[in-house]
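Undergrad:
2 protein chains.
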Amino acid sequence: MESAATGPQAPARLRTTPSWLLTQTAAHASRLVAEGLGALDARGYHYRLLAALEESGPASQAELGRRCGIDRSDVVAVLNELAAKDLVRRSPDPADRRRNVVTLTDAGGRELRRMGETLDRVQDTLLAPLSTAERDQLTRLLTRLLDHHTGR
Amino acid sequence: MESAATGPQAPARLRTTPSWLLTQTAAHASRLVAEGLGALDARGYHYRLLAALEESGPASQAELGRRCGIDRSDVVAVLNELAAKDLVRRSPDPADRRRNVVTLTDAGGRELRRMGETLDRVQDTLLAPLSTAERDQLTRLLTRLLDHHTGR
DNA sequence: GACCAACGTTGGTTCGGCCAACATATCAGG
DNA sequence: CCTGATATGTTGGCCGAACCAACGTTGGTC
Numbered sequence: 002m003e004s005a006a007t008g009p010q011a012p013a014r015l016r017t018t019p020s021w022l023l024t025q026t027a028a029h030a031s032r033l034v035a036e037g038l039g040a041l042d043a044r045g046y047h048y049r050l051l052a053a054l055e056e057s058g059p060a061s062q063a064e065l066g067r068r069c070g071i072d073r074s075d076v077v078a079v080l081n082e083l084a085a086k087d088l089v090r091r092s093p094d095p096a097d098r099r100r101n102v103v104t105l106t107d108a109g110g111r112e113l114r115r116m117g118e119t120l121d122r123v124q125d126t127l128l129a130p131l132s133t134a135e136r137d138q139l140t141r142l143l144t145r146l147l148d149h150h151t152g153r
Numbered sequence: 002m003e004s005a006a007t008g009p010q011a012p013a014r015l016r017t018t019p020s021w022l023l024t025q026t027a028a029h030a031s032r033l034v035a036e037g038l039g040a041l042d043a044r045g046y047h048y049r050l051l052a053a054l055e056e057s058g059p060a061s062q063a064e065l066g067r068r069c070g071i072d073r074s075d076v077v078a079v080l081n082e083l084a085a086k087d088l089v090r091r092s093p094d095p096a097d098r099r100r101n102v103v104t105l106t107d108a109g110g111r112e113l114r115r116m117g118e119t120l121d122r123v124q125d126t127l128l129a130p131l132s133t134a135e136r137d138q139l140t141r142l143l144t145r146l147l148d149h150h151t152g153r
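Line by line, the protein sequences give chains A and B. Numbered by our numbering, the letters in the first sequence go through residues 2 to 153 in order. Numbered by our numbering, the letters in the second sequence go through residues 2 to 153 in order.
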């Protein structure tokens, strides 16, 4: 819960380096997200997969991984955990026996919603010092960066 | 070197969530930094400590950690590596025998400079799609967020 | 002198991100 | 039809950054 503050004052070299600002703020963001989702016994990966399932419907594991930017191998582990809690159902795809079709269960939908609510609160504490306009600005800038480095 | 692209299109839920945008762009930033510094056989922690040393002069390990936002225990390990390359000298503080005084060597200064140059290039590829004004905007917004979550 | 705080150090943990390898299954070309 | 390339799920590992608990030593204070 501690702020892990950068004590006195970080070196100017760092404070003016965008990559450092990014990774530092991201670290704070991650901590807040972990705290929030941790209360629901979940992590970022769980939310991402559930969100993708709700938004685009059932999909294979590989497809899910591609959509969320999560490695195939990590998808396996997270789906195991989600399936163990019945938030997700994994069934062999009759049309392509290599694939598993992953489906969001009702409980999964409910859990996703709960996660979404806590994440909304997290965004608010994360962006607390910024006005609405500034939040939009930040979002736009980051989106452009991300799109660029993602191959559009 | 791969872009690890978020395949087709990440769920809108994610793409509009600032904490996700932050952690994703930060991941790209970290990758670029790791690539750049990796060529010099260094990591982010090494640069941070060297930069702090150059900027504020010799200091104890605890002090360095506080300045850089690096945990005491991690400082130990990184200083071991830096000292092994003679980029840093670690000597007991005669005034306080609990402390080690860490000093930047000439070689350390040179290496820091080299790191700084490659990091400058990294910033440029990281921020490629943004104009100078936009880069400043981003820097200001992130700085405000960081200051806020750092206890000012 | 007794206590508590700070320091350096060791040895963990977590989370996100990645890679290599393998068996199985699909698909396209010869 | 068969053969080879490709996709999928899965296992088991690795790394960097961030953290935490504990211990022995040293410093300052009451």
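Backbone N, C-alpha and C define an ideal beta-carbon position, used for all residues, glycine too.
Might you give, ordered along the chain, the residues of its own chain that have their beta carbon closer than 8 Å to the beta carbon of R73 of chain B, omitting 5 neighbours on each side?
TA: Q62, A63 and G66
Undergrad: Would you mind stating whether R49 of chain B and E56 of chain A have Cβ atoms separated by less than 8 Å?
TA: no
Undergrad: Using 8 Å for Cβ pairs, my map puts P12 of chain A next to R68 of chain B. What's the rounded Cβ distance?
TA: 7 Å
Undergrad: Which residues mark the beginning and the end of the alpha helix (DSSP H) in which L54 of chain A is found?
TA: Taken as a continuous stretch (DSSP letters only), the alpha helix (DSSP H) holding L54 of chain A covers G45 to S57.
Undergrad: Comparing the C-beta of A40 of chain B with each C-beta of chain A, is any distance below 8 Å?
TA: No, A40 of chain B does not count as interfacial toward chain A.
Undergrad: Could you tell me which uninterrupted beta strand (DSSP E) segments, each at least 3 residues in length, are contained entirely in the segment 70–118 of chain A, listed from first to last along the chain?
TA: 89–93 and 101–105
Undergrad: Show which residues of chain A have a CB atom less than 7 Å away from the CB atom of P130 of chain B.
TA: R145, L146 and H149
Undergrad: Indicate the three-state DSSP secondary structure (helix, strand or coil) for A60 of chain A in the structure shown.
TA: strand
Undergrad: Near I71 of chain B, what residues of its chain come up, given a Cβ to Cβ distance below 8 Å and the 5 sequence neighbours on each side ignored?
TA: So the list reads Y46, R49, L50, L65 and V79, once near-sequence residues are dropped.
Undergrad: Alpha carbon to alpha carbon, how far is G117 of chain B from D107 of chain B?
TA: 15 Å
Undergrad: Mind listing the chain A neighbours of E135 of chain B? Cutoff is C-beta to C-beta under 7 Å, in chain order.
TA: L142
Undergrad: For D18 of chain B, which of helix, strand or coil comes out of DSSP?
TA: Correcting the residue identity first, residue 18 of chain B is Thr in this sequence and not Asp. In the structure shown, T18 of chain B sits in coil (DSSP, three-state: anything other than H, G, I, E or B).
Undergrad: If we define contact as Cβ-Cβ less than 8 Å, is V76 of chain A a contact residue for chain B?
TA: Using a CB distance cut-off of 8 Å, V76 of chain A does not count as an interface residue toward chain B.
Undergrad: On the three-pair Cβ rule with 8 Å, is the segment 134–141 of chain B touching the segment 31–43 of chain A?
TA: no
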